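Data first, discussion second: the structure below is written as structure tokens.
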């Protein structure tokens, strides 16, 4: 199984600022994803991070709000831009290799004041 | 489109009792089905996964789930609950025979009573 780390593990941010979350995996993986888990809710897929090209966003999520980078096969970042209290969530990175299944990182707990 | 319904946002069982967490899905294609567990302040951990073949799937920590196509169900069970099983459990279905686009249910929080 893949070992995934996320930085930061948690943060408290002011309205209007941006936060970049890093996801690092210990092996090369085929696919990387970003999910959001709002308080008391399930996980919702934000986007698929594509290596060397623009991320593929799910309905309701846009690049201007959630820019994503994936410069190589083991690393990705998600930025939450111009934050509002509604962005307070847990953000999780997940990875998928050729043999499956998806493995999830520990999450980044974000509180926006 | 795929969807998942988990019956009961909270389930309480006594230590040593049977655990049953219900999950129903809808899918227009043969699904991949998953159960994930999330312990407090931790990420998600895969409990078990059904793709094809045997409909009774055994996972970690003594959990198992049975795929019943006729009932479109994938209920999670464990014969004897342990205090360490207290967590949030998510049932999920993939978007058409794939491991990538996973759609999650709303989750069921399992409470274990001493």
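Residue numbers (our numbering), protein chains in the order written: chain A, 1 to 113; chain B, 114 to 227. Backbone N, C-alpha and C define an ideal beta-carbon position, used for all residues, glycine too. Computed from a predicted structure; not experimentally measured.
Could you check how far apart the C-beta atoms of residue i and residue j are, in whole angstroms? I think they sit under 8 angstroms.
i              : j              : result
residue 113(A) : residue 14(A)  : 6 angstroms
residue 4(A)   : residue 105(A) : 4 angstroms
residue 149(B) : residue 203(B) : 5 angstroms
residue 224(B) : residue 205(B) : Residue 224(B) to residue 205(B), Cβ: 21 angstroms. No contact.
residue 221(B) : residue 124(B) : 6 angstroms
residue 185(B) : residue 138(B) : 6 angstroms
So if DSSP puts residue i in a beta bridge, which residue, or which two residues, is it bridged to?
i              : result
residue 123(B) : 222(B)
residue 102(A) : 96(A)
residue 44(A)  : 36(A)
residue 182(B) : Residue 182(B) pairs with nothing; no bridge assigned.
Can you check whether the CB of residue j is closer than 7 angstroms to the CB of residue i?
i              : j              : result
residue 51(A)  : residue 36(A)  : no
residue 94(A)  : residue 18(A)  : no
residue 68(A)  : residue 47(A)  : yes
residue 2(A)   : residue 103(A) : yes
residue 156(B) : residue 107(A) : yes
residue 147(B) : residue 162(B) : yes
For residue i, count the other beta carbons within 10 Å of its own beta carbon; 16 or more makes it buried, fewer makes it exposed. Which is it?
i              : result
residue 28(A)  : exposed
residue 173(B) : exposed
residue 122(B) : exposed
Tell me which residues share the same chain as residue i and place their Cβ nearer than 6 angstroms to its Cβ, disregarding the 5 neighbours each side in the sequence.
i              : result
residue 97(A)  : 29, 30
residue 76(A)  : 23, 32, 49, 70
residue 158(B) : 150
residue 87(A)  : 80, 112
residue 109(A) : 10, 90
Any beta-carbon of chain D closer than 7 angstroms to the one on residue i?
i              : result
residue 101(A) : Absent from the structure is chain D; the protein chains it does hold are A and B.
Go through its chain and collect everything with a Cβ distance to residue i's Cβ below 7 angstroms, but skip five positions before and after it.
i              : result
residue 219(B) : 119, 122
Leaving out five residues before and five after residue i in sequence, what residues of the same chain have Cβ atoms less than 8 angstroms from its Cβ?
i              : result
residue 196(B) : 128, 225, 227
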